[in-house]
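S.K.:
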Amino acid sequence: MGSCGMLARRALLTDTPVMVQIQELIRGVKDCVSLAQGVVYWQPPKPALQKVQELVWEPSVSRYGADEGLPELREALMKKLRHENKLHKSSVMVTAGANQAFVNIVLTLCDAGDSVIMFAPYYFNSYMSFQMTGVTDILVGPGDPKTLHPDADWLEKTLLDTKPTPKLVTVVNPGNPSGTYIPEPLLQRISDLCRDAGCWLVVDNTYEYFMYDGRKHVCVEGDHIVNLFSFSKAYGMMGWRVGYIAYPSEVEGFAAQLLKVQDNIPICASIISQRLALHSLEMGPEWVTDQVKNLVKNRELLLDALSPLGQDAVKGGEGAIYLWAKLPHQYHDDFEVVRWLARKHGVVLIPGCSSGCPGYVRISFGGLVEDQCRVASERLKRGLQQLVNEGMVP
Ligand SMILES: Cc1ncc(COP(=O)(O)O)c(C=O)c1O
Numbered sequence: 001m002g003s004c005g006m007l008a009r010r011a012l013l014t015d016t017p018v019m020v021q022i023q024e025l026i027r028g029v030k031d032c033v034s035l036a037q038g039v040v041y042w043q044p045p046k047p048a049l050q051k052v053q054e055l056v057w058e059p060s061v062s063r064y065g066a067d068e069g070l071p072e073l074r075e076a077l078m079k080k081l082r083h084e085n086k087l088h089k090s091s092v093m094v095t096a097g098a099n100q101a102f103v104n105i106v107l108t109l110c111d112a113g114d115s116v117i118m119f120a121p122y123y124f125n126s127y128m129s130f131q132m133t134g135v136t137d138i139l140v141g142p143g144d145p146k147t148l149h150p151d152a153d154w155l156e157k158t159l160l161d162t163k164p165t166p167k168l169v170t171v172v173n174p175g176n177p178s179g180t181y182i183p184e185p186l187l188q189r190i191s192d193l194c195r196d197a198g199c200w201l202v203v204d205n206t207y208e209y210f211m212y213d214g215r216k217h218v219c220v221e222g223d224h225i226v227n228l229f230s231f232s233k234a235y236g237m238m239g240w241r242v243g244y245i246a247y248p249s250e251v252e253g254f255a256a257q258l259l260k261v262q263d264n265i266p267i268c269a270s271i272i273s274q275r276l277a278l279h280s281l282e283m284g285p286e287w288v289t290d291q292v293k294n295l296v297k298n299r300e301l302l303l304d305a306l307s308p309l310g311q312d313a314v315k316g317g318e319g320a321i322y323l324w325a326k327l328p329h330q331y332h333d334d335f336e337v338v339r340w341l342a343r344k345h346g347v348v349l350i351p352g353c354s355s356g357c358p359g360y361v362r363i364s365f366g367g368l369v370e371d372q373c374r375v376a377s378e379r380l381k382r383g384l385q386q387l388v389n390e391g392m393v394p
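The sequence shown begins at 1 in full-length UniProt numbering and counts up by one.
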């Protein structure tokens, strides 16, 4: 047809996925190391992989399963939610990853034209999920310049002043792209503001186990709160596509409406993936925290690599797998800097513009083993020294 005239405005007006652009950039550069994608370097627990290897011949693996998820997995997750997350009044739906969980929730809770709230720097896929479902009135609140914590005073005022009241507030804790952890009192205040305004709060806990320097991850619960989780990073299961939603059991109709969405997107999450999730879960949270411990050295290496930008330029990294850094002020076009670092220095980052913050970059420290991370850090440090001292020399 040769024109976009017949394509949905919903899709056309949705941002281009940054990871797709970055993958293209990587393909065009010889010998490139990536600090871009939010991944971990480990595979799922070996005993769990061995168990599912034996399951491929089982007929149930090739059939559809219950929309909500395998009963055994849901039961194990309910136990985990109660013991680890102190969520006692939540029901569970298993999804094909936390991103699909988020889309399910937007379709269940929001109508096209509703306004919603996120905080900068935001998780780009959540932003795109709003855009592509017609929720285009996305209010982006500021983070505290020092801590990057969501500005709760701004939230209070915005919830009071915006008519009709925004439908949903969402945060990622600890954060993507910043790696900032929202401490419990602040998360509780955000929750109270949402409850008082009659607004949903959706918390993405994808990185619940990725906490550093003695911090402990905490969830909040209420009839206005939905918590999202993922197996992708914790158990090295990115490609298996398993996540889950913990939604309030006592809200009438929630389960029934959520089920409609689920039945029309994946029907159910992949059965063999759910079996792997179940066996991975049996390894206990210690298995995950043992892997996560190894990332501390990576973070240290990358903090050193970022030092040419100056100490105040680097934030986050309290949790998740990310550091967040401000480029020197003349580099508002962060994508240009990302391309230059890739082509000239063989190291790839994510530009901050994809999270609503041009002039910044996200650095992921989860995807490389220490030796590779050391190589990436050396390249990044050299690149940033050159950027600061000489500019983007060809
Ligand atoms: C905050 C956050 N939510 C969700 C996802 C996607 O997770 P999943 O693989 O479970 O869809 C990611 C992946 O980077 C993420 O960082």
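The C-beta atom is built at its ideal place from N, Cα and C for all residues, glycine as well.
Note that the coordinates shown come from a computational prediction; the quantities given were computed from them, not determined experimentally.
When the Cα of Val140 is compared with those of Gln330, Ile117, Arg362, which residue comes out closest?
M.R.: The residue you call residue 140 lines up with position 140 of the sequence shown. Nearest option by C-alpha distance: Ile117.
S.K.: Assuming Phe229 is part of the beta strand (DSSP E), what are its boundary residues?
M.R.: Here the question's residue 229 lines up with position 229 in the sequence shown. Run containing Phe229: 225 to 230, per the beta strand (DSSP E) assignment.
S.K.: Which stretch, first to last residue, makes up the beta strand (DSSP E) that contains Phe365?
M.R.: The residue labelled residue 365 in the question sits at position 365 within the sequence shown. Where Phe365 is concerned, there is no enclosing beta strand (DSSP E), given that its DSSP letter is neither H nor E.
S.K.: Contact between the stretch 259 to 270 and the stretch 211 to 227 is defined here as three or more beta-carbon pairs at a separation below 8 Å; is this criterion met?
M.R.: No contact exists between the stretch 259 to 270 and the stretch 211 to 227.
S.K.: Residues in its own chain within less than 7 Å of Trp42 by CB, not counting five upstream and five downstream?
M.R.: Translated into positions along the sequence shown, residue 42 becomes position 42. Correct list, in chain order: Gly236, Gln291.
S.K.: May I ask you to list the residues that DSSP assigns as paired with Ala246?
M.R.: Translated into the one-based positions of the sequence shown, residue 246 becomes position 246. The partner list for Ala246 (beta bridge, DSSP) reads Val92, Asn227.
S.K.: According to the neighbour-count rule (16 or more other Cβ atoms, all chains shown, within 10 Å of its Cβ), is Tyr64 buried or exposed?
M.R.: Taking the sequence shown and counting its residues from 1, one reaches residue 64 at position 64. Exposed, because fewer than 16 other Cβ atoms sit within 10 Å of the Cβ of Tyr64.
S.K.: Please indicate yes or no: does the CB of Gly38 lie closer than 7 Å to some heavy atom of ligand 3?
M.R.: As for ligand 3, it is missing from this structure, which binds only ligand 1.
S.K.: How many angstroms separate the CA atom of Cys357 from the CA atom of Ala120?
M.R.: Mapped onto the sequence shown, residue 357 falls at position 357. Mapped onto the sequence shown, residue 120 falls at position 120. Roughly 7 Å between the two C-alpha positions.
S.K.: Please enumerate, following chain order, all residues with a beta carbon closer than 5 Å to at least one heavy atom belonging to ligand 1.
M.R.: Listed along the chain, these residues meet the criterion: Gly38, Gly97, Ala98, Asn99, Tyr123, Val172, Asn176, Asp204, Thr206, Ser230, Ser232, Gly243.
S.K.: In this structure, what does DSSP give as the bridge partners for Asp161?
M.R.: On the sequence shown, residue 161 is found 161 positions in, with the first residue counted as 1. Its beta-bridge partners do not exist; DSSP assigns none.
S.K.: Less than 8 Å between the C-beta atoms of Gly366 and Gly69, yes or no?
M.R.: Within the sequence shown, numbered from 1, the residue matching residue 366 stands at position 366. Within the sequence shown, numbered from 1, the residue matching residue 69 stands at position 69. Against a cut-off of 8 Å, the Cβ pair of Gly69 and Gly366 comes out as no contact.
S.K.: Which residue or residues does DSSP assign as beta-bridge partners of Val203?
M.R.: Locating residue 203 in the sequence shown gives position 203, where the first residue counts as 1. In the DSSP output, where bridge partners are listed per residue, Val203 has Val171, Asn227.
S.K.: So, does the stretch 97 to 105 touch the stretch 143 to 161, judging by three or more C-beta pairs under 8 Å?
M.R.: Touching, no, given that fewer than three Cβ pairs across the two stretches are closer than 8 Å.
S.K.: With distances taken between CB atoms, is the gap from Ile245 to Ile26 smaller than 8 Å?
M.R.: In the sequence shown, residue 245 corresponds to position 245, counting from 1. In the sequence shown, residue 26 corresponds to position 26, counting from 1. Not a contact, by the Cβ cut-off of 8 Å.
S.K.: Whose CA, out of Arg374, Tyr181, Gln262, lies closest to the CA of Val171?
M.R.: What you label residue 171 is simply residue 171 of the sequence shown in a count that begins at 1. Residue Tyr181 is the option with its Cα nearest to Val171.
S.K.: DSSP beta-bridge partners for Met211?
M.R.: The count along the sequence shown starts at 1 and reaches residue 211 at position 211. Looking at the DSSP assignment, Met211 forms a beta bridge with Gly319.
S.K.: Please report the residue range of the alpha helix (DSSP H) in which Asp196 lies.
M.R.: For this step, residue 196 is matched to residue 196 along the sequence shown. From DSSP, the alpha helix (DSSP H) with Asp196 extends over 184 to 197.
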